Amino acid sequence: MTSQYLDIESISGLHKYVGAPSPKHPLISLIDNTRFYAQCPRQLTAFRFGFYTISCKRIHGVLKYGKGHYDFSEGSLMFTAPWQVITGSIEEGGVEEGWALFIHPDLLNATELGQKMHQYSFFNYDVNEALHISDDEKQLIRDCVAKIEREYSQNIDKHTLRLISGNIELLLNYCDRFYDRQFYTRAKVSNDLVQHFERLLNDYFAKDTLVDIGLPGVKYFASELNLSPNYLSDLLNRFTGKTTQEHIHLRMIDKAKSLLWGTEQSISEIAYDLGFEHPSHFTKIFKTKTGKSPSAFRNLN
76 MTSQYLDIES
86 ISGLHKYVGA
96 PSPKHPLISL
106 IDNTRFYAQC
116 PRQLTAFRFG
126 FYTISCKRIH
136 GVLKYGKGHY
146 DFSEGSLMFT
156 APWQVITGSI
166 EEGGVEEGWA
176 LFIHPDLLNA
186 TELGQKMHQY
196 SFFNYDVNEA
206 LHISDDEKQL
216 IRDCVAKIER
226 EYSQNIDKHT
236 LRLISGNIEL
246 LLNYCDRFYD
256 RQFYTRAKVS
266 NDLVQHFERL
276 LNDYFAKDTL
286 VDIGLPGVKY
296 FASELNLSPN
306 YLSDLLNRFT
316 GKTTQEHIHL
326 RMIDKAKSLL
336 WGTEQSISEI
346 AYDLGFEHPS
356 HFTKIFKTKT
366 GKSPSAFRNL
376 N
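Using this note's numbering, read the sequence shown as starting at 76 and increasing by one per residue.
Shown next, in the form of structure tokens:
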């Protein structure tokens, strides 16, 4: 089985690929999933779209994505950012229903929404972290999408951009709310992941090899937990009030305090032992988190 990569840079190029008429707006379009996947070969296919995608999927069958198989028969929302690789195929005999909204970033660049798209971190979640929605939520989302479609299908005037971007922002805010709900309705799974993360964090800082392996990054823990970095940070932030990076820094600070009060090592030696290449970086983080420099903290003892 060979992988094929397909880059689609424009909305008009997307319409051409699926055999649809010319788009009604050059920077945004809503396409039926059945039509889109009718053009996809059954073998594993990788797409890279030059736009944001919001896709509502209901699959009769199983979606294969990478090495995993996922059941989205109840309906799910998936989000991807521009140029994010999307790899997947529907198992033989499967049929996909639903829709996909494609939004070119140029549409949003001149709007307030364009400046805060990074706040919607679910655009960088993995497929297994999709948003599963109820029938009521699905209808609410569909109403928002219908307003967007109706607006971009009309003649463009001075109000068009503001109304389209406003309805996109409303749609994304609802999705943000529903993700919050999903984190808490799956509290058992979420709590297990938080506890697993805390064990991994403690085990990492218990090693005596930080000088060789360096400080852990967010990607390390996300990989260990089979999560995307964004999803892990959002999960931790909702249940602990701190992001993954903040947890890493706080655990590092705890170990640094122990070394500052329990050893005679110099500040530079402690920094190197904690995995820092430059002691000044350690000092900066320590002072930011504690309000005191490492030497001032040591003198408190």
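Backbone N, C-alpha and C define an ideal beta-carbon position, used for all residues, glycine too.
Everything numeric in this text was worked out from a predicted model, so none of it was measured.
Contacts around residue i, its chain only, beta-carbon distance under 7 Å, and the 5 residues preceding and following it disregarded
i, result
"residue 156", "127, 198, 199"
"residue 153", "130, 132, 202, 205"
"residue 275", "296, 299"
"residue 143", "Confidence at residue 143 is low in this model, with a pLDDT of 47, below 50, so the placement of that residue should be treated as unreliable; the coordinate-derived value is given next. Excluding residues within five positions, the ones whose Cβ falls inside 7 Å are 203."
"residue 50", "No answer is possible for residue 50: it lies beyond the span of the chain, which begins at 76 and ends at 376."
"residue 397", "Outside the shown range of the chain (76 to 376) lies residue 397, about which nothing can therefore be said."
"residue 222", "242"
"residue 181", "102"
"residue 279", "291"
Residue closest to residue i, alpha-carbon to alpha-carbon, out of the options
i, options, result
"residue 347", "91, 327, 222", "327"
"residue 261", "222, 208, 93", "208"
"residue 245", "230, 354, 227, 216", "216"
"residue 350", "281, 307, 316, 315", "281"
"residue 251", "229, 230, 263, 212", "212"
"residue 229", "338, 98, 366", "98"
"residue 179", "100, 173, 214, 293", "100"
"residue 313", "332, 256, 182, 191", "256"
"residue 185", "214, 109, 173, 241", "241"
"residue 332", "353, 237, 367", "367"
"residue 283", "263, 249, 355, 330", "330"
"residue 237", "358, 183, 359", "183"
"residue 249", "214, 91, 279, 125", "214"
Counted within 10 angstroms of its Cβ, other Cβ atoms place residue i as buried (16 or more) or exposed
i, result
"residue 374", "exposed"
"residue 80", "exposed"
"residue 175", "buried"
"residue 220", "buried"
"residue 151", "buried"
"residue 342", "buried"
"residue 361", "buried"
Cβ pair residue i, residue j closer than 8 Å
i, j, result
"residue 285", "residue 323", "no"
"residue 83", "residue 103", "no"
"residue 325", "residue 364", "yes"
"residue 265", "residue 272", "no"
"residue 224", "residue 105", "yes"
"residue 89", "residue 177", "yes"
"residue 315", "residue 269", "yes"
Inter-residue CB distance, residue i and residue j (contact presumed, cutoff 8 Å)
i, j, result
"residue 239", "residue 227", "6 Å"
"residue 108", "residue 189", "That belief does not hold up - the Cβ atoms of residue 108 and residue 189 are roughly 26 Å apart, past 8 Å."
Cβ shell of residue i (< 8 Å), same chain only, five flanking positions each side left out
i, result
"residue 254", "197, 206, 309"
"residue 317", "311, 325"
"residue 288", "282, 350"
"residue 357", "331, 342, 345, 346, 349, 351, 369"
Same chain only: Cβ atoms within 6 Å of residue i, ignoring 5 sequence neighbours per side
i, result
"residue 307", "297, 319"
"residue 160", "121, 123"
"residue 294", "304"
beta-carbon residue i near the ligand PLP non-hydrogen atom, thresh 7 Å
i, result
"residue 174", "This structure lacks the ligand PLP, and indeed carries no ligand of any kind."
Proximity test, Cβ basis, 8 Å: residue i and chain C
i, result
"residue 81", "Checking the listed chains, one finds no chain C in this structure; it contains a single protein chain."
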